[in-house]
Amino acid sequence: MKIIHVAAEVLPYAKTGGLADVLGALPTVLSGMGNEVAVALPLYRAVDREKHGLQTVIPSLAVPLGDSHIECQILKCMSKGGLAVYFIACDPFFDRDKLYGYADDAERFIVFDRAVIEMLKSLDWHPDIIHCHDWQTGLIPAFLKSLYADGAFYRQTASVYSIHNLAYQGAFPGEGFPLLRLPYEMFNYHELEFYGQVNPMKAGLVFADAVVTVSERYAKEIQTPDYGEGLDAALRERKDSVHGILNGIDYEKWNPGSDTLIHQTYDAVNSRGKAENKRFLQERGGLARTGRTRVPVIGCVSRLSSQKGFDLIEAAAPQLMNLEMQFVLLGAGDGYYTKLFEDMARRYPQQTYITLGRFDNELAHQIYAGSDFFLMPSRYEPCGLGQLISLAYGTIPIVRATGGLADTIEEYIPGANTGNGFRFDEYSPDALYRCIERAVKIYRFPPRWKPLVENALHCDFSWDVSARKYLDLYQQTLCTMAC
Ligand code: ADP
Ligand code: GLC
45 MKIIHVAAEV LPYAKTGGLA DVLGALPTVL SGMGNEVAVA LPLYRAVDRE KHGLQTVIPS
105 LAVPLGDSHI ECQILKCMSK GGLAVYFIAC DPFFDRDKLY GYADDAERFI VFDRAVIEML
165 KSLDWHPDII HCHDWQTGLI PAFLKSLYAD GAFYRQTASV YSIHNLAYQG AFPGEGFPLL
225 RLPYEMFNYH ELEFYGQVNP MKAGLVFADA VVTVSERYAK EIQTPDYGEG LDAALRERKD
285 SVHGILNGID YEKWNPGSDT LIHQTYDAVN SRGKAENKRF LQERGGLART GRTRVPVIGC
345 VSRLSSQKGF DLIEAAAPQL MNLEMQFVLL GAGDGYYTKL FEDMARRYPQ QTYITLGRFD
405 NELAHQIYAG SDFFLMPSRY EPCGLGQLIS LAYGTIPIVR ATGGLADTIE EYIPGANTGN
465 GFRFDEYSPD ALYRCIERAV KIYRFPPRWK PLVENALHCD FSWDVSARKY LDLYQQTLCT
525 MAC
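If you use my numbering, the sequence shown closes out at 527, no skipped numbers anywhere.
In structure tokens form, the structure reads like this:
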């Protein structure tokens, strides 16, 4: 099959969260399975053109936006995994500090989406599958099903739309609808309209030939009002086309046995190295090492957003600190949570190592390797990669049982020695506290703790299984289209 993945973040070029990890891995695995796979993303300022060897392949592409045209260029490089990676260049829109969060995000991604469609035509690259990811690419299926439906070029192309996070929808005021150059009839409740706004996320899930999200549990949750972010009815209408396929992780990148960013490599057999990484992390963070009791280090690497359950950590902090634990956090994002954790760092200087406001891959690796536990008390979590990465480092996840966290973390049952972590259901500080208390008790009893760490190290969430499920879904979707 010929497949193109289109997204706003792709490793190693641009990343703010797990979306980039997925795009950095899945397309390469699909290509390794014998498919011709390409990737497209915007050419942001952060992309290092020289390092990646970008070459211009289309010097000028006029992309319609409202009643004018925007001038774009297409650049290309080959990824380390041998894929063609296409960059949509449009400096007024993408040569900026951040990836998103601008007043003109609607225009930026309308142009991006339309440019990808026009680019493939201009390159004469006929995809069987255009796989679009999240709201930034949600308009592609809508364009294909309308403006391009009668042309021959895309007649046999199926669109697949992945929801990585339903909460971010990219909606913009209805007055902006003419920017799309779509027939006005499409601005209705069953298609693009959402409470008077135009909603690119809705566009993706209404018009794509198949809809996927990144865990089976989240695929069900988002069809309920509690998790549906206002789109649960639209998702229920398509329930037969909504699938859940779990993300994997890239074990070449996340491998304590060969990780060059951590203090000392280790593996399941030689696990002493893990203790060295803990000592290193504690020293780096100025954390006390009393040696009186086993003091657990609870790590967290995360975007700072309301999704991630930080209000629970804040509310439970006084009780948690009484458990004689240490808390290590690396996070960037929302100013509200930045302030909250600045306060926490001031209140508990001996027990916390908190790094805020920056993206730091090296420190992230050191936290995964040096912590005993990894905390993800998410309000909702489509898949979550942090818990999967931490398992690979023998670091035990403590999670709220939602979305992908519920699908991947099973409560440890000491008697039976089954399970790979600790989980709680109710979204409350008390439930979080009781879960951590339970986890710390096991930690302080080595005969139970060691087998648990071994269980974690033996978990396998590699991409192969999921990639095969995507291939099945692509086949099935093409088949349905052809019938
Ligand atoms: P989300 O995509 O919702 O942010 P995931 O758990 O799927 O959550 O993926 C988050 C990814 O981003 C992980 O690879 C995590 O290690 C990484 N990450 C998050 N914040 C930072 C940061 N400040 N520095 C380095 N890596 C980070
Ligand atoms: C989103 C979700 C996260 C998921 C990631 C990759 O950012 O919040 O749960 O792991 O996308 O699919």
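Don't be surprised by glycine CBs; every beta carbon is placed ideally from N, CA and C.
- Looking at the backbone, the Cα of Ile433 and that of Tyr412 are separated by about 7 Å.
- Using a cutoff of 6 Å, the CB of Gly330 does not count as near the ligand GLC, since none of the ligand's heavy atoms is closer than that.
- Counting only runs of 4+ residues, the alpha helix (DSSP H) found wholly inside the region 154 to 190 occupies 183 to 189, in chain order.
- Shown here, Arg347 sits in a strand according to DSSP, grouped into three states.
- In the DSSP assignment, no residue is bridged to Thr60.
- The beta carbon of Pro426 sits closer than 6 Å to at least one heavy atom of the ligand GLC.
- If you look at Ile433, you'll find it in the alpha helix (DSSP H) that goes Gly430 to Ala436.
- Taking the Cβ of Val372 as the reference point, every heavy atom of the ligand ADP lies at 6 Å or farther away.
- Excluding five sequence positions before and after Ala359, the CB atoms of its chain that fall closer than 6 Å to its own CB belong to Pro473, given in chain order.
- At least one heavy atom of the ligand GLC sits closer than 6 Å to the Cβ of Asn291.
- Straight-line measurement puts the Cα of Cys479 at about 17 Å from the Cα of Val339.
- Beyond the five residues adjoining it in sequence on each side, Asp139 comes within less than 7 Å, by CB distance, of Arg89 in the same chain, given in chain order.
- Under DSSP, Val484 forms no beta bridge with any residue.
- Secondary structure note for Gln363: its alpha helix (DSSP H) is the uninterrupted segment Phe354 to Met365.
- Just so you know, the alpha carbons of Gln180 and Tyr397 end up roughly 35 Å apart.
- Contact annotation, Cys134 with Ile161: C-beta distance approximately 15 Å; criterion of less than 8 Å not satisfied.
- Here the C-alpha atom of Asp141 lies approximately 17 Å from the C-alpha atom of Ala150.
- The shortest C-alpha to C-alpha distance from Ser510 to any of Ser259, Leu226, Met163 and Glu229 is the one to Ser259.
- Contact annotation: the region 151 to 171 touches the region 102 to 114, with at least three C-beta pairs closer than 8 Å.
- Relative to the ligand ADP, the nearest heavy atom lies less than 6 Å away from the CB of Ala408.
- At a cut-off of 4 residues, the continuous stretches assigned as alpha helix (DSSP H) that sit fully inside the region 68 to 111 are 93 to 96.
- Comparing C-alpha distances from Leu407 to each of Lys322, Arg280 and Ile102 shows the shortest one belongs to Lys322.
- Annotation for Tyr228: Phe221 place their beta carbon closer than 8 Å to its own, counting only its chain and skipping 5 residues before and after.
- Contact check for Met245 against Leu236 fails: the beta carbons are separated by 7 Å or more.
- Taken through DSSP and simplified to helix, strand or coil, Thr452 comes out as helix.
- Secondary-structure assignment with DSSP links Ser206 through a beta bridge to His177 and Val256.
- Here the C-alpha atom of Leu476 lies approximately 16 Å from the C-alpha atom of Glu425.
- Boundaries of the beta strand (DSSP E) harbouring Val286: Val286 to Gly288, taken from the DSSP string.
- One thing to note: Leu74 has its Cβ within 7 Å of the Cβ of Val81.
- With a contact defined as Cβ atoms closer than 8 Å, Val83 and Val101 miss out at about 14 Å.
- Between Asp172 and Leu522, the beta carbon gap of about 6 Å places them in contact (Cβ cut-off 8 Å).
- Ranked by Cα distance from Gly301, the first of His409, Asp451, Gly195 and Tyr381 is His409.
- In terms of Cα proximity to Gly329, the closest of Leu374, Thr309, Asp311 and Asn291 is Leu374.
- Taking Arg423 as the centre and dropping the five residues before and after it, the same chain places the C-beta of Ser350, Gln351, Gly353 and Tyr471 closer than 7 Å to its C-beta, in chain order.
- For Val443 against Ile453, the beta-carbon gap comes to about 5 Å, under 8 Å, which counts as contact.
- In chain order, Arg444, Ala445 and Ala475 place their CB closer than 8 Å to the CB of Asp469, counting only its own chain and leaving out the 5 sequence neighbours on each side.
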